[in-house]
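To start, the structure under review is shown below, and the notes come after it.
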């Protein structure tokens, strides 16, 4: 009974089955609590809202944290249903160290840390910021978040190569601009780190305007770097867009393959059922034919004996005559 209960809870918590009402309800409740909790956290930073609705905001935090805690404890309890975490101690420890479980743990720790360190302002502010990490729990329930995570994982090598190229370009551009502008504009380009801020703003095409070159050569280099920034920072967007398209296409193919497999299985089962039904019907038809043929042969033998038995005592002749009568009856009446 206990194992069956664990299996049921495991299917509700760990699988997003559209045919399971309780699984859908769990996904909807947890997702709604995440959104409400983050909205309450944002509202708590407003002096007006936090003063007018302080009790509501506190109750939202308490209720959501307790629900998240219960969910986390239940996940640790039922994870042994999965063969990968079947050991009662080490299996649960391995499950607790998985990325999604760590996200679940981080999402509930701020509530309990605030109870322990409520007098330390720096710790309180840091822990309150950690509440935003509850948005990462959406990865369990949001197909879009999981898709984006899969895209970043699949394209991590290309993104790392692009980031490295941007970093190299930033170092070179900032260093050259420092040596070009340092004497003419020492306040803005006092060091390479100062020039790197200008390089970041220029490469990202933001252009705050707080630091800019004033020499002709510096402006020329700045213009070239701005054009390079447009192309280089478009690379990650193109890589992610291509990866997203590939991931969506792959998932469509998987769904199509699953649908075709289900259709093929259905057709196979249907065909087997038709074959079994046809075979049973054929068996009945053969049995009926044999029974009819036996009756006909019996009637032919009896007729031959009655008509010719007194003249022909040889059983072989009677049998041959009976077979002859049987064949004539079959051919004449299409039996």
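Residue numbers (my numbering): 3 to 337.
Virtual Cβ for every residue (Gly too), placed ideally from N, Cα, C.
Next on the checklist: Using 8 Å for Cβ pairs, my map puts residue 77 next to residue 132. What's the rounded Cβ distance?
Outcome noted: Position 75 of the chain shown, counted from the first residue, corresponds to residue 77. Position 130 of the chain shown, counted from the first residue, corresponds to residue 132. Residue 77 to residue 132, Cβ: 20 Å. No contact.
Checklist entry - What residues in its chain sit with their C-beta under 6 Å from that of residue 66, if we drop five residues either side in the sequence? => result Taking the first residue of the chain shown as 1, we reach residue 66 at position 64. Here the set comprises 35 and 39.
Checklist entry - Given 8 Å as the limit, is there contact between the stretch 247-266 and the stretch 176-192, that is, 3 or more CB pairs closer than that? => result no
Next on the checklist: Just to confirm the assignment: which complete alpha helix (DSSP H) runs, minimum length 4, are found wholly within the stretch 142-217?
Outcome noted: Look at the stretch 142-217 and you find these whole runs of alpha helix (DSSP H), each 4 residues long or longer: 145-156, 158-183 and 194-205.
Checklist entry - For residue 138, which residues of its own chain have a beta-carbon under 6 Å away from its beta-carbon, when the five flanking residues on both sides are left out? => result In the chain shown, the residue the question calls residue 138 occupies position 136. Same-chain partners within the cutoff: 105.
Item to check | Collapsed DSSP secondary structure at residue 49 in the structure displayed | outcome: The count along the chain shown starts at 1 and reaches residue 49 at position 47. The answer is helix: DSSP assigns residue 49 an H, G or I state.
Item to check | Reduced DSSP category for residue 137 - H, G, I as helix; E, B as strand; rest coil | outcome: Counting from one through the chain shown, the residue named residue 137 turns up at place 135. In this structure, residue 137 counts as helix in the three-state DSSP scheme.
Checklist entry - Excluding sequence positions up to five away, which residues of its chain have a Cβ less than 6 Å from the Cβ of residue 43? => result Taking the first residue of the chain shown as position 1, residue 43 is located at position 41. Excluding sequence neighbours, residue 43 sits near 133.
Next on the checklist: Helix, strand or coil, according to DSSP, for residue 238 in the structure here?
Outcome noted: Taking the chain shown and counting its residues from 1, one reaches residue 238 at position 236. Residue 238 falls in the helix class under three-state DSSP.
Checklist entry - Can the beta-carbon of residue 206 be found closer than 7 Å to that of residue 228? => result Position 204 of the chain shown holds residue 206. Position 226 of the chain shown holds residue 228. Result no, Cβ atoms of residue 206 and residue 228 do not sit closer than 7 Å.
Checklist entry - Taking all protein chains shown into account, do 16 or more other C-beta atoms lie within 10 angstroms of the C-beta of residue 192, making it buried, or fewer, making it exposed? => result As a first step, residue 192 must be located in the chain shown, where it is residue number 190. Exposed, because fewer than 16 other Cβ atoms sit within 10 Å of the Cβ of residue 192.
Checklist entry - On the three-pair Cβ rule with 8 Å, is the stretch 88-107 touching the stretch 163-179? => result no
Checklist entry - Going by Cα to Cα distance, which pick from 190, 188, 199 and 161 is closest to residue 175? => result Position 173 of the chain shown, counted from the start, is the residue given in the question as residue 175. Nearest C-alpha to residue 175: 199.
Item to check | CB-CB length for residue 70 against residue 18, believed under 8 Å | outcome: Your numbering for residue 70 matches position 68 in the chain shown. Your numbering for residue 18 matches position 16 in the chain shown. About 18 Å separates the two Cβ atoms, so there is no contact after all.
Checklist entry - Is it true that the CB of residue 158 sits closer than 7 Å to the CB of residue 241? => result Working through the chain shown from its first residue, we reach residue 241 at position 239. Working through the chain shown from its first residue, we reach residue 158 at position 156. No, these two residues do not count as a Cβ contact at 7 Å.
Checklist entry - Roughly how many whole angstroms lie between the Cα atoms of residue 232 and residue 9? => result As a first step, residue 232 must be located in the chain shown, where it is residue number 230. As a first step, residue 9 must be located in the chain shown, where it is residue number 7. The straight-line gap from Cα to Cα measures roughly 53 Å.
Next on the checklist: Tell me the DSSP secondary structure of residue 91 in three-state form.
Outcome noted: In the chain shown, counting from the first residue as 1, residue 91 sits at position 89. Residue state, collapsed to three classes: coil.
Checklist entry - For residue 112, which option in 96, 68 and 155 has the closest C-alpha, if you only look at C-alpha atoms? => result In the chain shown, counting from the first residue as 1, residue 112 sits at position 110. It is 68.
Item to check | residue 153 and residue 246 closer than 7 Å at C-beta | outcome: Within the chain shown, residue 153 is the residue found at index 151, counting from 1. Within the chain shown, residue 246 is the residue found at index 244, counting from 1. Their beta carbons are under 7 Å apart, which means residue 153 touches residue 246 by this criterion.
Item to check | Secondary structure of residue 103, DSSP reduced to three states | outcome: Locating residue 103 in the chain shown gives position 101, counting from the first residue. The three-state secondary structure of residue 103, taken from DSSP, is helix.
Checklist entry - Which value, in whole angstroms, describes the spacing of the CA atoms of residue 83 and residue 5? => result Counted from its first residue, the chain shown places residue 83 at position 81. Counted from its first residue, the chain shown places residue 5 at position 3. Distance between the alpha carbons of residue 83 and residue 5: 8 Å.
Next on the checklist: Could you compute how far the alpha carbon of residue 136 sits from the alpha carbon of residue 31?
Outcome noted: Residue numbering aside, residue 136 sits at position 134 when the chain shown is read from its first letter. Residue numbering aside, residue 31 sits at position 29 when the chain shown is read from its first letter. Taking the straight line from one Cα to the other gives about 14 Å.
Checklist entry - residue 195 to residue 258, Cα distance in whole Å? => result Residue mapping note: residue 195 aligns to position 193 of the chain shown, counting from 1. Residue mapping note: residue 258 aligns to position 256 of the chain shown, counting from 1. Approximately 53 Å, taken between the alpha carbons.
Checklist entry - Going along the chain, which residues of its own chain have a beta-carbon closer than 7 Å to the beta-carbon of residue 12, five neighbours each way excluded? => result Residue mapping note: residue 12 aligns to position 10 of the chain shown, counting from 1. Excluding sequence neighbours, residue 12 sits near 80 and 83.
Checklist entry - Where residue 56 and residue 50 are concerned, what is the direct C-alpha to C-alpha distance, given to the nearest angstrom? => result The residue given as residue 56 occupies position 54 in the chain shown. The residue given as residue 50 occupies position 48 in the chain shown. If you take the alpha carbons of residue 56 and residue 50, they lie about 10 Å apart.
Next on the checklist: Give me, in chain order, the residues of the same chain whose beta-carbon lies closer than 7 Å to that of residue 220; leave out the 5 immediate sequence neighbours on both sides.
Outcome noted: For the purposes of this step, residue 220 is taken as residue 218 along the chain shown, with counting starting at 1. Contacts found: 179, 182 and 183.
Next on the checklist: According to DSSP, simplified to helix, strand and coil, what is residue 71?
Outcome noted: The count along the chain shown starts at 1 and reaches residue 71 at position 69. The answer is helix: DSSP assigns residue 71 an H, G or I state.
Item to check | Continuous alpha helix (DSSP H) stretch holding residue 4: start and end | outcome: On the chain shown, residue 4 is found 2 positions in, with the first residue counted as 1. Note, residue 4: alpha helix (DSSP H), 4-16.
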